[in-house]
Amino acid sequence: MSEEILKLKKEIERLKKSVKKQRYGLVWMDVPEAFEDDVENKLPILKEVPELAIKNNDGKQTHILIEGDNYHALTCLNYTHKGKIDVIYIDPPYNTGSDGFRYKDKRILDKFPDGTEVPKDNPFRHSYWLSFMQKRLDLVRDLLSKNGVVFISIDDNEMAQLKLLCDSIFGDNNVEVMIWHKVADDSGKLKITYRFRREHEYIIVCYKQKDETYFKKYLSDRNYKNEYTNPDNDPRGPYKQGIISTTEAKSKSTGKNFYSVKTPSGKIITRQWRFPKEEFESLDKDNRIYYGKGGSSIPSEKVFINEQKETTPTSILTELGTAKSAGIELEELMGSKIFNYPKPVTLIKHLIKMSSEKNSVILDFFAGSGTTGQAVAESNKDDDGNRQFILVTNNDEVVNGKMHKIMSGICYPRIKKVAKLYKNGAKYYKTAFIGKNSILNATDQDKIELAHNAGELLAIAENTLELTKQNKFYQLFEDGNKEKYTAVYFREELDKFDEFTEIVKKLKKQTAVYVFSWGNEEEVEEFNDMNQIKIKTIPLPILEIYKQIYNLSTE
880 MSEEILKLKK
890 EIERLKKSVK
900 KQRYGLVWMD
910 VPEAFEDDVE
920 NKLPILKEVP
930 ELAIKNNDGK
940 QTHILIEGDN
950 YHALTCLNYT
960 HKGKIDVIYI
970 DPPYNTGSDG
980 FRYKDKRILD
990 KFPDGTEVPK
1000 DNPFRHSYWL
1010 SFMQKRLDLV
1020 RDLLSKNGVV
1030 FISIDDNEMA
1040 QLKLLCDSIF
1050 GDNNVEVMIW
1060 HKVADDSGKL
1070 KITYRFRREH
1080 EYIIVCYKQK
1090 DETYFKKYLS
1100 DRNYKNEYTN
1110 PDNDPRGPYK
1120 QGIISTTEAK
1130 SKSTGKNFYS
1140 VKTPSGKIIT
1150 RQWRFPKEEF
1160 ESLDKDNRIY
1170 YGKGGSSIPS
1180 EKVFINEQKE
1190 TTPTSILTEL
1200 GTAKSAGIEL
1210 EELMGSKIFN
1220 YPKPVTLIKH
1230 LIKMSSEKNS
1240 VILDFFAGSG
1250 TTGQAVAESN
1260 KDDDGNRQFI
1270 LVTNNDEVVN
1280 GKMHKIMSGI
1290 CYPRIKKVAK
1300 LYKNGAKYYK
1310 TAFIGKNSIL
1320 NATDQDKIEL
1330 AHNAGELLAI
1340 AENTLELTKQ
1350 NKFYQLFEDG
1360 NKEKYTAVYF
1370 REELDKFDEF
1380 TEIVKKLKKQ
1390 TAVYVFSWGN
1400 EEEVEEFNDM
1410 NQIKIKTIPL
1420 PILEIYKQIY
1430 NLSTE
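And the structure:
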């Protein structure tokens, strides 16, 4: 079947779906995107760039960086991480008309190979953006674990449209909205309209199964690390100093809460207190009143961190960093301003901590400056966790006084600095393509080529990222602790198969063994009595995932 006929069939299926659509909901013109040519005529894979690996031997998770179009990366992740992602956070372009959002319109790619920048008055503005987001969010749902959740930052430009889009993909009973207060009260100048000062953005929350998902409680005082100290070495641990009196000027000389207090230094302080004198004396006897280093300051109550009650997360996110503070912290880390509008690390940490376990996998496929990676690393440091992040972003150039490539010039250098601070390791991959035919028309030669080049995909799928042996017939990968292995025999010819099986047998560890096969199943007699070995085949299971994605894009 010719490529032209395939394209016609795809367009017919798209039109059929549009006819069936209910009138309630979101309707837009689906604009074809340039990447469709790639996936229609080639097969996506991931290839490691070994010289960019960030090495660390602490036995913790090795993180993953992927450079390339996030659609192609998500296609690969649908094979490697189906049902494995616990938390997704993304900060996509807001489509403000001035945020640099470009759409690579397939119809005019010859004139605009780098994509069309979408100004605010472009009649296709919302259609471009919705087409862009829908194609990627369609690939996300199957990545989520049973209790998986997606957080999407957005502002008023596309909030209404994105909410309806998420309703259609995840089901309206699986979508909620949070509000982030993005400025501090003393933030100074903000963009002011003729009506009011805009101080918020949104985070749309999408669940795999909302009824099965529960967020963790947390200490209500989110800045406890800065506010809780122990200046007098109280054995009960760090505390913050709670205000227990009004100012002298505002004190009323009436009532049972108006009395004098004598400090350890002998100073007399008279004012209105928060509680009666008997309660004050009881707290003082229990060493719960602090008078300052010199013993003569205005008394405060010790509020111990280990006695604080946890609170349920709320839909209003405050005191979690600001747009301004995010820019400052990135500039301090990198030494210069290299990225506009990053999100604060504290905000992403809050979302991660309330929605993840210590060994969760966190994905950001609009990684930008790499804030999510830093948030995961800091979260692991805080609670001795072993979370793994996967960051995906393209390597387009952005202008911030200088030209910077997003992945190699911004995200990767930031993660390298963070990795050094927190002793993390990471692998760097790029999206690539093999084959000469469409996914539906893959020839035997295409399948052979896919098998020969699938090693990194398989290693990522098994989370065994260290390549330890490779030749023209097989590859061997291991995890950082040498407790788990992936062995890949990618040739149809069996010249080295006996050698391969002997190597695998000697491992005596949990091993995923991939063998070339024209089908979905393959029995390898040499491993029949070895329970720690699981046999899998390539390349057909990879192709089947890709076909599902191709069909999804034609619905």
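Sequential numbering of the sequence shown, starting at 880, is according to this note's numbering. Every residue, glycine too, gets a C-beta built ideally from N, C-alpha and C.
Exercise for the section: Inspect the beta-carbon positions of residue 1087 and residue 1020 and report whether they are closer than 9 Å. Expected result: It is a contact, given that the beta carbons lie within the stated cut-off.
Practice task
To the nearest angstrom, report how far apart residue 1420 and residue 1399 are at their CA atoms.
Solution key: 7 Å
Practice task
Could you check which residue in 1005, 940 and 927 has the C-alpha nearest to that of residue 1256?
Solution key: 940
Exercise for the section: Would you please state the rounded distance, in angstroms, between the beta carbons of residue 1332 and residue 947? I believe it to be under 8 Å. Expected result: Contact doesn't hold; Cβ gap of about 15 Å is too wide.
Exercise for the section: May I ask you to report which of helix, strand or coil DSSP gives residue 1285? Expected result: helix
Problem - residue 1427 versus residue 1415: straight-line alpha-carbon distance, rounded - result: 20 Å
Handout entry: Inter-residue CB distance, residue 1445 and residue 1056 (contact presumed, cutoff 8 Å)
Key = With the chain represented from 880 up to 1434, any question about residue 1445 goes unanswered, as that position is not in the structure.
Problem - Range covered by the alpha helix (DSSP H) that runs through residue 1379 - result: 1376 to 1386
Practice task
Reducing DSSP to helix, strand and coil, say where residue 1077 ends up.
Solution key: coil
Exercise for the section: Kindly indicate which residue of 1360, 1391 and 1387 has the alpha-carbon position closest to the one of residue 1366. Expected result: Minimum Cα distance to residue 1366 is reached at 1391.
Handout entry: When 1048, 1241 and 1222 are compared against residue 1017, the one with the closest alpha-carbon
Key = Among 1048, 1241 and 1222, the Cα nearest to that of residue 1017 belongs to 1048.
Handout entry: Validate contact between the stretch 1185 to 1204 and the stretch 1157 to 1177 using beta carbons, cut 8 Å, 3 pairs
Key = no
Handout entry: Environment of residue 923 [buried if 16+ CB atoms lie within 10 Å]
Key = buried
Practice task
Determine, using beta carbons only, whether residue 1356 and residue 1370 come nearer to each other than 9 Å.
Solution key: Their beta carbons are not under 9 Å apart, which means residue 1356 does not touch residue 1370 by this criterion.
Exercise for the section: Please confirm whether residue 1244 and residue 967 have their CB atoms less than 9 Å apart. Expected result: yes
Handout entry: With 16 other Cβ atoms within 10 Å as the buried cut-off, status of residue 1309
Key = buried
Handout entry: For residue 876, the nearest candidate out of 975, 1022, 1008 and 928 (CA to CA)
Key = Lying before the first or after the last residue shown, residue 876 is absent from the chain, which here runs from 880 to 1434.
Exercise for the section: Output the distance between the C-alpha atoms of residue 1202 and residue 1221, rounded to the nearest integer angstrom. Expected result: 7 Å
Exercise for the section: Below 8 Å on the Cβ atoms is my guess for residue 1395 versus residue 1321; work out the distance and round it to an integer in Å. Expected result: Going by Cβ atoms, the distance from residue 1395 to residue 1321 rounds to 15 Å, so no, they are not a contact pair.
Problem - Where residue 1415 falls: helix, strand or coil (DSSP) - result: strand
Problem - Host beta strand (DSSP E) of residue 1032 (start-end) - result: Taken as a continuous stretch (DSSP letters only), the beta strand (DSSP E) holding residue 1032 covers 1023 to 1033.
Practice task
Report buried or exposed for residue 884, applying the criterion of at least 16 other Cβ atoms within 10 angstroms of its Cβ.
Solution key: The Cβ neighbour count for residue 884, taken over all protein chains shown within 10 Å, is under 16; the residue is labelled exposed.
Exercise for the section: Within 10 angstroms of the Cβ of residue 1325, are there 16 or more other Cβ atoms? Answer buried if so, exposed if not. Expected result: Label assigned to residue 1325: buried.
Problem - Distance CB(residue 1288)-CB(residue 932) smaller than 9 Å - result: no
Exercise for the section: Identify whether residue 1401 lies in helix, strand or coil by the three-state DSSP scheme. Expected result: coil
Problem - Minimum length 3: unbroken beta strand (DSSP E) runs contained in the stretch 947 to 979 - result: 964 to 969
Practice task
Could you tell me whether the Cβ atoms of residue 1405 and residue 1384 are closer together than 9 Å?
Solution key: yes
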